[in-house]
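Structure, as structure tokens:
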Amino acid sequence: MSVLFISDLHLEAERPDIVRAFLHFLRTRARQAKALYILGDFFEAWIGDDGMDDFQHSIASALKELADSGTRIFLMHGNRDFLIGKAFCREAGCTLLSDPSVIQLNGEPVLLMHGDSLCTRDEAYMRLRRWLRNPVTLFILRNLPLGTRHKLARKLRKESRAQTRMKASEIVDVTPEEVPHLMRRHGVRTLIHGHTHRPAFHELDFDGHKARRIVLGDWDRQGWALEAGADGVLRQAPFALENTEPR
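Quick note: the sequence shown uses UniProt numbering, first residue 1, plus one each step.
Next up, the structure:
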């Protein structure tokens with residue numbers, strides 16, 4: 001059985017094409033997999049488990065159905081949904097992974113990340129990330145009134161989009177020097193991450209060894225899933241969103 005990796009779906013009710021494609025993916029390819037790893041930015045925004053709406057409950061229900069069928073589900077925080085907590089994971093039947101995490105894949109240690117922490121040249125974002133992920137900040141955010149959290153989420157999304165458009169392409173991409181540094185620290189030769197929306201297989205060579213960095217694609221104009229087969233081969237290919245039908 002295969003293992004699947006996806007990221008950057010940015011699920012929201014306003015994108016029914018992505019939602020339909022994801023639900024179709026759960027009922028088909030994911031049912032045939034032994035594990036599904038969702039590496040961040042699963043939702044476009046998340047203000048806290050206590051603020052879940054009907055749409056988010058429906059996604060949790062679909063994940064739980066997959067989990068009950070036998071596919072193990074692992075979820076990692078992204079920069080858009082880092083407030084996802086234990087309540088959602090219980091409802092969805094998934095396990096929350098720390099970022100970064102090392103897993104065993106076909107007998108090889110593999111490093112999984114969302115990917116935003118690799119973009120160290122974006123100094124303004126890295127400062128914001130450190131502030132948002134501070135335990136004190138997280139406590140304050142989770143205890144703000146829901147209305148305040150909604151307004152803050154909208155403000156952060158608007159500012160993020162505006163700043164990304166203004167920044168140079170290399171600023172919002174992974175800092176190349178960070179990759180071998182982290183891979184050495186974790187003792188791996190394969191890194192899988194999302195965040196940058198630039199799907200690719202990057203062949204690396206450091207310390208006299210071959211290595212690879214695999215970037216997952218985002219679900220906007222098309223869907224993406226990386227599949228690790230029982231033969232040890234990693235395959236990634238896009239698929240059309242419009243070819244899926246409503247349930």
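Each residue gets a CB set at the ideal place from its N, CA and C atoms; glycine is no exception.
Could you tell me which of the options sits nearest to residue i, measuring between CA atoms?
i, options, result
"Phe206", "Ser7, Glu178, Leu141", "Glu178"
"Gly51", "Arg121, His150, Asn79", "His150"
"Ile192", "Ser117, Leu112, Leu204", "Leu112"
"Ala230", "Gly194, Gln104, Leu128", "Gln104"
"Asp53", "Val102, Leu36, Thr28, Glu12", "Glu12"
"Arg185", "Phe43, Arg129, Pro100, Pro135", "Pro100"
"Val19", "Gly223, Ala237, Pro238", "Gly223"
"Pro199", "Ser61, Arg213, Ala87, Thr190", "Arg213"
"Glu159", "Leu128, Leu63, Glu242, Ala211", "Leu128"
"Leu26", "Cys119, Pro238, Ala225, Tyr125", "Ala225"
"Arg90", "Leu63, Ala153, Ala237, Val188", "Leu63"
"Arg133", "His181, Pro109, Asp81", "Asp81"
"Gly208", "Pro135, Phe139, Arg189", "Arg189"
"Val110", "Met183, Ala237, Thr28, His202", "Met183"
Over what stretch of residues does the beta strand (DSSP E) that includes residue i continue unbroken?
i, result
"Asn75", "Checking the sequence, you will find Leu at residue 75 rather than Asn. Start and end: 72–76."
"Asp205", "200–206"
"Trp224", "223–228"
"His197", "Segment: none, His197 is in no beta strand (DSSP E) and carries neither H nor E."
"Arg212", "209–215"
"Val3", "2–6"
"Thr95", "95–97"
In chain order, what residues of the same chain have a beta carbon less than 8 Å from the beta carbon of residue i, not counting five sequence neighbours either side?
i, result
"His197", "Asp8, Gly217, Asp218, Asp220"
"Gly48", "Leu83, Gly85, Leu141, Arg142, Leu146, Arg149"
"His114", "Ser7, Leu39, Gly40, Asp41, Met76, His77, Gly78, Asn79, Asp99, His193, Gly194, His195"
"Arg31", "Leu66, Ser69, Thr71"
Helix, strand or coil, according to DSSP, for residue i in the structure here?
i, result
"Ser61", "helix"
"Arg133", "helix"
"Leu66", "helix"
"Glu242", "coil"
"Arg247", "With a pLDDT of 39 at Arg247, under the threshold of 50, the modelled position of this residue cannot be trusted, and the question is left open."
"residue 307", "Residue 307 falls outside the range modelled here, since the chain spans only 1 to 247, and no answer is possible."
"Met113", "coil"
"Leu141", "helix"
"Asp231", "coil"
"Arg80", "coil"
"Gly51", "helix"
For residue i, which residues of its own chain have a beta-carbon under 6 Å away from its beta-carbon, when the five flanking residues on both sides are left out?
i, result
"Leu75", "Ile38, Cys94, Leu96"
"Glu227", "Ser2, Leu4, Arg235"
"Gly232", "Asn106"
"Asp116", "Asn79, His195"
"Ser98", "none"
"Pro67", "One detail in the question is off: residue 67 reads as Ala in this sequence, not Pro. Excluding residues within five positions, the ones whose Cβ falls inside 6 Å are Ile73, Gly93."
"Pro180", "Phe206"
"Met43", "The amino acid occupying residue 43 in the given sequence is Phe; Met does not appear at that position. Around Phe43: Leu11, Asp81."
Excluding the five sequence neighbours on either side, which residues of its own chain have a C-beta within less than 7 Å of the C-beta of residue i, listed in chain order?
i, result
"Arg157", "Ala45"
"Trp131", "Thr137"
"Ala33", "Met1, Ser2, Val3, Leu4, Thr71"
"Arg247", "Reliability fails at Arg247, whose pLDDT of 39 lies under 50, so the model's placement of it is uncertain and the value that follows must be treated cautiously. The answer, listed in chain order, is Leu23."
"Met126", "Thr120"
"Glu14", "none"
Which residues bound the alpha helix (DSSP H) around residue i?
i, result
"Pro16", "16–27"
"Phe42", "From DSSP, Phe42 is part of no alpha helix (DSSP H); its letter is neither H nor E."
"Glu91", "86–92"
"Leu11", "Unbroken run through Leu11: none, as it is neither H nor E."
"Leu182", "178–186"
So who's on the other strand from residue i, going by DSSP bridges?
i, result
"Gln32", "In DSSP, Gln32 forms no bridge with anything."
"residue 308", "The first residue shown for the chain is 1 and the last is 247, placing residue 308 beyond what the model contains."
"Leu105", "Glu108"
"Thr190", "Arg212"
"Tyr37", "Phe5, Phe74"
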